[in-house]
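S.K.: Residue numbers (my numbering), protein chains in the order written: chain A, 1 to 317; chain B, 1 to 692. Glycine included, each C-beta is placed from N, C-alpha and C at the ideal position.
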Amino acid sequence: MPFISKSGKSASRICEVTVGTGDRAVTAGGESSLPFYTFDGKTPNRPRTGIEITDGGVADQPAVVQKYYDGCVSAADMARKASSFEGVDFICLALTGADPNGKNRPADELMETVRAVADATDLPLAVSGCDNAQIDAGLLRKAAQVLKGRNALMLSAREENYESVKKTAAPEFGQNIGAESADDINLAKQLNILLLQAEVPENKIIMQPGTAACGYGFEYVISTIDRIRLAALQQSDKTLQMPVITPVAQEAWSVREAAATQDEMPEWGSQEERGIDMEVETAAAVLAAGSDAVILKHPESVRTIAAMTAALTQGGQ
Amino acid sequence: MYTVTCLSPDREAFSFRTSAGDSMLDAARRAGIGLDAPCSGHGICGKCKIQLISGQVEEDQRGNIRKEEYEAGWRLACRIRPLSDCTVRIPDASFVSRENMIIAGSQNDAEKASFMSNARLAGVFPDTDLLPFHLQLPKPYDRDTRPDLERLCDELKKAFGYEHLRVPFYILKSLARVLRRGDFSVSGVLETDRDNRAAQVLSIWPDRTYRRVQEKDIRQNNAAGREERMDNNACFAGTERERLAGAAFDIGTTTVVGILADLQTGEILAQNAAANAQLRYGADVISRIIESCREEEDEIKDGKGEEWDLATGEKDGSERLQNALIRETLNPMIRRMCSEAGLEPDRISRICIAANTTMNHLLCGVYADPIRLEPWVPSFFDAEDIRAGDLNILSSPGARVILSPNIGSYVGGDITVGTYVSGLWDRPELSLFIDLGTNGEIVLGNKEFMLSCACSAGPAFEGGDISCGMRAAQGAVDTVRINPQTMEPSFTVIGDTNPAGLCGSGMIDLTAELFRCSIIDRRGKFVRSGRRIRRDEDGIGFYILSDPDRPGPAVEFSEVDIDNFIRARGAVFSAIRTMLRQMDLSADDIESICIAGGIGSGINIENAVQIGMLPDVERSRFHYLGNTSLEGAYRMLISDEAVRRVLEVSRRMTYIELSRDPSYMEEFVASCFLPHTDETLFPSAARKKDGT
Numbered sequence: 001m002p003f004i005s006k007s008g009k010s011a012s013r014i015c016e017v018t019v020g021t022g023d024r025a026v027t028a029g030g031e032s033s034l035p036f037y038t039f040d041g042k043t044p045n046r047p048r049t050g051i052e053i054t055d056g057g058v059a060d061q062p063a064v065v066q067k068y069y070d071g072c073v074s075a076a077d078m079a080r081k082a083s084s085f086e087g088v089d090f091i092c093l094a095l096t097g098a099d100p101n102g103k104n105r106p107a108d109e110l111m112e113t114v115r116a117v118a119d120a121t122d123l124p125l126a127v128s129g130c131d132n133a134q135i136d137a138g139l140l141r142k143a144a145q146v147l148k149g150r151n152a153l154m155l156s157a158r159e160e161n162y163e164s165v166k167k168t169a170a171p172e173f174g175q176n177i178g179a180e181s182a183d184d185i186n187l188a189k190q191l192n193i194l195l196l197q198a199e200v201p202e203n204k205i206i207m208q209p210g211t212a213a214c215g216y217g218f219e220y221v222i223s224t225i226d227r228i229r230l231a232a233l234q235q236s237d238k239t240l241q242m243p244v245i246t247p248v249a250q251e252a253w254s255v256r257e258a259a260a261t262q263d264e265m266p267e268w269g270s271q272e273e274r275g276i277d278m279e280v281e282t283a284a285a286v287l288a289a290g291s292d293a294v295i296l297k298h299p300e301s302v303r304t305i306a307a308m309t310a311a312l313t314q315g316g317q
Numbered sequence: 001m002y003t004v005t006c007l008s009p010d011r012e013a014f015s016f017r018t019s020a021g022d023s024m025l026d027a028a029r030r031a032g033i034g035l036d037a038p039c040s041g042h043g044i045c046g047k048c049k050i051q052l053i054s055g056q057v058e059e060d061q062r063g064n065i066r067k068e069e070y071e072a073g074w075r076l077a078c079r080i081r082p083l084s085d086c087t088v089r090i091p092d093a094s095f096v097s098r099e100n101m102i103i104a105g106s107q108n109d110a111e112k113a114s115f116m117s118n119a120r121l122a123g124v125f126p127d128t129d130l131l132p133f134h135l136q137l138p139k140p141y142d143r144d145t146r147p148d149l150e151r152l153c154d155e156l157k158k159a160f161g162y163e164h165l166r167v168p169f170y171i172l173k174s175l176a177r178v179l180r181r182g183d184f185s186v187s188g189v190l191e192t193d194r195d196n197r198a199a200q201v202l203s204i205w206p207d208r209t210y211r212r213v214q215e216k217d218i219r220q221n222n223a224a225g226r227e228e229r230m231d232n233n234a235c236f237a238g239t240e241r242e243r244l245a246g247a248a249f250d251i252g253t254t255t256v257v258g259i260l261a262d263l264q265t266g267e268i269l270a271q272n273a274a275a276n277a278q279l280r281y282g283a284d285v286i287s288r289i290i291e292s293c294r295e296e297e298d299e300i301k302d303g304k305g306e307e308w309d310l311a312t313g314e315k316d317g318s319e320r321l322q323n324a325l326i327r328e329t330l331n332p333m334i335r336r337m338c339s340e341a342g343l344e345p346d347r348i349s350r351i352c353i354a355a356n357t358t359m360n361h362l363l364c365g366v367y368a369d370p371i372r373l374e375p376w377v378p379s380f381f382d383a384e385d386i387r388a389g390d391l392n393i394l395s396s397p398g399a400r401v402i403l404s405p406n407i408g409s410y411v412g413g414d415i416t417v418g419t420y421v422s423g424l425w426d427r428p429e430l431s432l433f434i435d436l437g438t439n440g441e442i443v444l445g446n447k448e449f450m451l452s453c454a455c456s457a458g459p460a461f462e463g464g465d466i467s468c469g470m471r472a473a474q475g476a477v478d479t480v481r482i483n484p485q486t487m488e489p490s491f492t493v494i495g496d497t498n499p500a501g502l503c504g505s506g507m508i509d510l511t512a513e514l515f516r517c518s519i520i521d522r523r524g525k526f527v528r529s530g531r532r533i534r535r536d537e538d539g540i541g542f543y544i545l546s547d548p549d550r551p552g553p554a555v556e557f558s559e560v561d562i563d564n565f566i567r568a569r570g571a572v573f574s575a576i577r578t579m580l581r582q583m584d585l586s587a588d589d590i591e592s593i594c595i596a597g598g599i600g601s602g603i604n605i606e607n608a609v610q611i612g613m614l615p616d617v618e619r620s621r622f623h624y625l626g627n628t629s630l631e632g633a634y635r636m637l638i639s640d641e642a643v644r645r646v647l648e649v650s651r652r653m654t655y656i657e658l659s660r661d662p663s664y665m666e667e668f669v670a671s672c673f674l675p676h677t678d679e680t681l682f683p684s685a686a687r688k689k690d691g692t
């Protein structure tokens, strides 16, 4: 019996969102096929890889990552260095120091860090908060002011704070907005609708519909992204046609498989290898489900994923 | 012991005493004052609000009373304990009282008549197995010394030709007195077997009326020395026809509505409504079940469990719940209805009850815990041969208590009769029947098939879980309009009084209007500001419906309320969707949508569609039926044929447990957005929004 391949061609396509300015600007989305199905449709932009740094600088990083930032202390130092790593499309500055249960750093102090990082690199920038909807809303609005003109990505607006975060996309700041929801296609769609109704342009929204480390409730993440992509392409649901970003770094490096040192778990072998494996496996899976960008921590993971996406998209830039 | 004096706007002042350690709520209840507290006095629901005018109290916590209100003396009665004599003001909205209840579907004479005419239209005519009789028994004398029982049976057999006659013990007990009191002239009711060969005596009473009329003839008979014996024709020779009466009830989790009817003519003699006295044990069926099982569990814990007996356990939870329903709710209603109709309660010869599965269990005092535990198995669907005496219902002890059969753990007899009344079971076209009460139940089908399910909408439609929510009673706002420019509301209030709260239909209107005027976004959060919109200390927005300048607690609708309401109405819509999908049907395939329930004076269908509660189909397909539960109980009361039909409906119905459907949760999340996450399901809503 001859094999007849079924066409997965779609009349719809994912919106293109451009982050950053000038030569270094990167665009995500734009595809009209399921991920890496280059035989079904065009993938004009390969999925993007970002590297995460935090406001605390090198001291925040696991030991196995610190060695790649030799000579760096501050976040700005790291940003400068990371710009030269292979495969890095953008830099994500995570303002985790704002956590009131952690370092509780004041916003003004953090904005100095944002400014220093922005000055240190011309790569596109993303800024994320400390996972506290109220504090993040304030931080992102201040960061939008600091990063005026950089066309950065604000991570993220949630249902609780979108009214405030949406203002970062206003013409006076012109930033892009991540729309974060928790592993549910309907919640993701509802937030997109709220943002669109608040007159955030569709090419300024990137969805962040949930994240987890491989094996830690990961099937919810995968099926959510998968279904969002199917709805966007096959049901032409305009409210789900935004590109998807998945921050992987913090999740992957916080689970035992990556966090346990070799002294604690000698039988598991090298911590660095384990960490990279966790990060790469998680990222590869979300990309295969439909993610258009991932944020990673380890330079080796970034290099690996960037090479993988380049190989799989071929024709893509 | 302190004295609490209560003032309330529309009532005379009254007072009650408190005992040490009693909360104000407990003390009031002990004194028979029905304060509303669906959360059982745990300080959660905020319905037992009172204003402390003078006196010292000890208090646990502020509860959910806003700062300004607290400063004005407003407290939750369940949270305070008097430490001195007190004076309080109780607003009308805090009372659970029967005068306040609205009786949807049987409110006035026109609607009373509609029960009868609808029944006739549906081909239901008064016809039961009950037979009233009047009989002049031969008096005993030296040549006829038959015992009373034999005398009665002999004469009844002679008069009606029965082969067998059963006389229950309670009749035997009173027989000697009844016969002599009426000078051997008796009236009563027989319950006959279908083939008319046997019968049971349900009740007897001395028939003085008959005796007075017939006295002369009888004296003549005696004088003639003939054997005293009435011929058959004389059996009904009384001039005043004795009424053959029955009572029908719709027992809701929140409200109980009843009617007294003449079983021979179908005429409705009286009607009454009351709050279900079980309300003090919790607003929803789950807390009632837990309450009904409470003491038994404690006993097991104490190690006294071995001799524990569910059926005879004294003072156990199920008995308390049963008493609350029968002694405190049904019996007082029967008493009131009988005095209105000028009838002795023991003349009630048949009782029909339409209630949800839990209420049926609690009514019968049956252990109900398995209903709330996986795999949700009730003790019975159809209970046969229950007599009023078994349940201590005020009526003839032999009166048969007919329960409309349940369909599933969460779809009860009220839905069976509702489906029966809606006519869905007998029509070729696809129909949807929705009953909105505490929770919602849905039936989809036609004469070929029927599916039913319960959606856990919660008590929001009847005012629960909503800060200013109330039942559709006096003072409830039942319709609302808002001016899109000024955001000022115009509304109607049941009883034309000052607004005391919002009932279900008012909530539908208010949500739809807030949304139409873009005052709230699609999640139900306030996005405009103005005189009517305020935010509390925590940033929670609320809309003030009553005059913001009027002192006292305002009628408000907060973001938390809107959220609860959006979920409640989402539960209804997602249940409809899930059910349609299981049958691979779409909303357009439904040719008729019947809505029942007493959530107000009827709901604004257009608004209900605009907020995504009901499917967006042609409005002419919607029909508001009112209280189908009571109407169905009424039909079962007057007609045995209706009883058989209802049983048939229950047997043909398939019950779907939504929680077992993996896609239900997803439908629900998609529904929790105005009007829905998938706008294509509500094309008219999109059009309307664009138009304004």
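Measuring alpha carbon to alpha carbon, tell me which of R227/A, E279/A, G138/A ends up nearest E666/B.
M.R.: Taking the first residue of the second sequence as position 1, residue 666/B is located at position 666. That would be R227/A, whose Cα lies nearest to the Cα of E666/B.
S.K.: Under 7 Å between beta-carbons, which chain B residues line up against Q353/A? List them in chain order, please.
M.R.: Because chain A spans 1 through 317 in this model, residue 353/A falls outside it and cannot be assessed.
S.K.: Pick out the complete alpha helix (DSSP H) segments inside the segment 370-406 of chain B, 4 residues or longer, and give them in chain order.
M.R.: For the segment 370-406 of chain B, whole alpha helix (DSSP H) runs of length 4 or above, ordered along the chain, are 388-391.
S.K.: How far does the alpha helix (DSSP H) with W205/B in it reach, from first residue to last?
M.R.: Taking the second sequence and counting its residues from 1, the one referred to as residue 205/B is at position 205. It is not in any alpha helix (DSSP H) - W205/B instead sits in the beta strand (DSSP E) that spans 198-206.
S.K.: Could you tell me which chain A residues have their CB closer than 9 Å to the CB of D521/B, listed as they occur along the chain?
M.R.: Here the question's residue 521/B lines up with position 521 in the second sequence. Going along chain A in sequence order, the residues near D521/B (Cβ under 9 Å) are E163, L194, Q197, A198.
S.K.: Looking at the structure shown, is D144/B part of a helix, part of a strand, or coil, going by DSSP?
M.R.: Residue 144/B sits at position 144 when you count from the first residue of the second sequence. It is a strand residue.
S.K.: Under a CB-based cut-off of 8 Å, is T240/A close to chain B?
M.R.: Within the first sequence, residue 240/A is the residue found at index 240, counting from 1. Strictly speaking, residue 240/A in this sequence is Leu, with Thr absent from that position. With 8 Å as the cut-off, L240/A does not count as an interface residue toward chain B.
S.K.: In chain A, which residues lie less than 9 Å from E666/B when you measure between Cβ atoms?
M.R.: For this step, residue 666/B is matched to residue 666 along the second sequence. Correct list: D184, I185, N186.
S.K.: With 7 Å as the C-beta to C-beta threshold (strictly closer), list the residues of the segment 646-679 of chain B near chain A in chain order.
M.R.: Listed by position, the residues of the segment 646-679 of chain B near chain A (Cβ gap below 7 Å) are E666, V669, A670, F673, T677.
S.K.: Can you name the residues of chain B whose CB is closer than 9 Å to the CB of K189/A?
M.R.: Reading the first sequence from its first residue, position 189 is the one you call residue 189/A. Simply A670, F673, T677, D678.
S.K.: Can you pull out the residues from the segment 135-163 of chain A whose beta carbon lies closer than 9 Å to at least one beta carbon of chain B?
M.R.: Taking 9 Å as the Cβ-Cβ cut-off against chain B, the residues of the segment 135-163 of chain A that qualify are E159, E163.
S.K.: Return the CA-CA distance between K173/B and R347/B, expressed in angstroms with no decimal places.
M.R.: As a first step, residue 173/B is located in the second sequence; it is residue number 173 there, counting from the start. As a first step, residue 347/B is located in the second sequence; it is residue number 347 there, counting from the start. Answer to the nearest angstrom: the Cα atoms are 17 Å apart.
S.K.: Give me the Cα-Cα distance between A126/A and G440/B, rounded to the nearest whole angstrom.
M.R.: In the first sequence, residue 126/A corresponds to position 126, counting from 1. In the second sequence, residue 440/B corresponds to position 440, counting from 1. Their backbone Cα atoms lie some 47 Å apart in a straight line.
S.K.: Are the segment 33-42 of chain A and the segment 81-97 of chain A in contact at 8 Å, needing three or more beta carbon pairs?
M.R.: With the cut-off at 8 Å, the segment 33-42 of chain A and the segment 81-97 of chain A do not touch.
S.K.: Give me the Cα-Cα distance between H676/B and K189/A, rounded to the nearest whole angstrom.
M.R.: Start at 1 with the first residue of the second sequence, and residue 676/B comes out as number 676. Start at 1 with the first residue of the first sequence, and residue 189/A comes out as number 189. Looking at the two C-alpha atoms, the distance is approximately 11 Å.
S.K.: How would you write the range of the beta strand (DSSP E) that I90/B sits in, first residue to last?
M.R.: Numbered from 1 along the second sequence, position 90 holds the residue referred to as residue 90/B. From DSSP, I90/B is part of no beta strand (DSSP E); its letter is neither H nor E.
S.K.: Considering only the beta carbon of each residue, do D55/A and G22/A sit closer than 8 Å?
M.R.: If you number the first sequence from 1, residue 55/A lands on position 55. If you number the first sequence from 1, residue 22/A lands on position 22. Not a contact, by the Cβ cut-off of 8 Å.
S.K.: Excluding five sequence neighbours on each side, which residues of the same chain lie with their C-beta closer than 7 Å to the C-beta of Q264/B?
M.R.: The residue given as residue 264/B occupies position 264 in the second sequence. Counting only Cβ-Cβ distances below 7 Å, and skipping sequence neighbours, we find P126, L244.
S.K.: Using the Cα positions of D183/A and S223/A, report the straight-line distance between them to the nearest angstrom.
M.R.: Position 183 of the first sequence holds residue 183/A. Position 223 of the first sequence holds residue 223/A. Using only the alpha carbons, I get a separation of about 8 Å.
S.K.: Cα separation between A143/A and I566/B?
M.R.: Counting from 1 along the first sequence, the entry for residue 143/A is found at position 143. Counting from 1 along the second sequence, the entry for residue 566/B is found at position 566. Near 35 Å, if we compare the C-alpha coordinates of I566/B and A143/A.
S.K.: Could you check if N108/B is buried or exposed, using at least 16 other CB atoms within 10 Å of its CB as the buried criterion?
M.R.: Working through the second sequence from its first residue, we reach residue 108/B at position 108. Its pLDDT being 49, under 50, N108/B is placed unreliably by the model, and nothing is read from it.
S.K.: If you follow the alpha helix (DSSP H) that D542/B is part of, which residue opens it and which one closes it?
M.R.: By one-based count along the second sequence, residue 542/B stands at place 542. Before going on, a small fix: residue 542/B reads as Phe here, not Asp. No alpha helix (DSSP H) contains F542/B, which is instead part of the beta strand (DSSP E) from 541-544.
S.K.: Does DSSP put L187/A in a helix, in a strand, or in coil?
M.R.: The residue you call residue 187/A lines up with position 187 of the first sequence. Three-state result, L187/A: helix.
S.K.: Using a Cβ-Cβ cutoff of less than 6 Å, which residues in the same chain neighbour L502/B once the five nearest sequence positions on both sides are dropped?
M.R.: The count along the second sequence starts at 1 and reaches residue 502/B at position 502. Correct list, in chain order: C468, G469, V477.
S.K.: Could you give the DSSP three-state label for F682/B: helix, strand or coil?
M.R.: Residue numbering aside, residue 682/B sits at position 682 when the second sequence is read from its first letter. Residue state, collapsed to three classes: coil.
S.K.: Figure out for me which residue from I466/B, R581/B, E513/B has the closest Cα to the Cα of E556/B.
M.R.: As a first step, residue 556/B must be located in the second sequence, where it is residue number 556. Among I466/B, R581/B, E513/B, the Cα nearest to that of E556/B is on I466/B.
S.K.: Could you spell out where the beta strand (DSSP E) holding C453/B opens and where it closes?
M.R.: One-based indexing of the second sequence puts residue 453/B at position 453. 450-455 is the span of the beta strand (DSSP E), which, as asked, contains C453/B.
S.K.: On the criterion of 16 or more Cβ atoms from any shown chain inside 10 Å, does P171/A qualify as buried, or is it exposed?
M.R.: The residue you call residue 171/A lines up with position 171 of the first sequence. Answer is exposed; the Cβ neighbour count stays below 16.
S.K.: Quick one: grab the DSSP three-state call for H42/B.
M.R.: Locating residue 42/B in the second sequence gives position 42, counting from the first residue. Three-state result, H42/B: coil.
S.K.: What's the call for M653/B, buried or exposed, on a 16-neighbour Cβ count within 10 Å?
M.R.: Translated into positions along the second sequence, residue 653/B becomes position 653. By the 10 Å Cβ count, M653/B comes out buried.
S.K.: Rounded to the nearest angstrom, how far is the Cβ of T313/A from that of T43/A, given a contact under 8 Å?
M.R.: In the first sequence, counting from the first residue as 1, residue 313/A sits at position 313. In the first sequence, counting from the first residue as 1, residue 43/A sits at position 43. At roughly 5 Å, the Cβ-Cβ gap stays under 8 Å, so T313/A and T43/A are in contact.
S.K.: If distances are taken between C-alpha atoms only, which option among V294/A, L139/A, M278/A, A11/A comes closest to Y216/A?
M.R.: In the first sequence, residue 216/A corresponds to position 216, counting from 1. For Y216/A, the nearest C-alpha among the options comes from M278/A.
S.K.: Give me, in chain order, the residues of the same chain whose beta-carbon lies closer than 8 Å to that of S8/B; leave out the 5 immediate sequence neighbours on both sides.
M.R.: Locating residue 8/B in the second sequence gives position 8, where the first residue counts as 1. Excluding positions up to five away in sequence, the list reads R89, I90, P91, D92, F95.
S.K.: Among the candidates P299/A, G102/A, E109/A, whose CA atom is the shortest distance from the CA of D131/A?
M.R.: In the first sequence, the residue the question calls residue 131/A occupies position 131. For D131/A, the nearest C-alpha among the options comes from G102/A.
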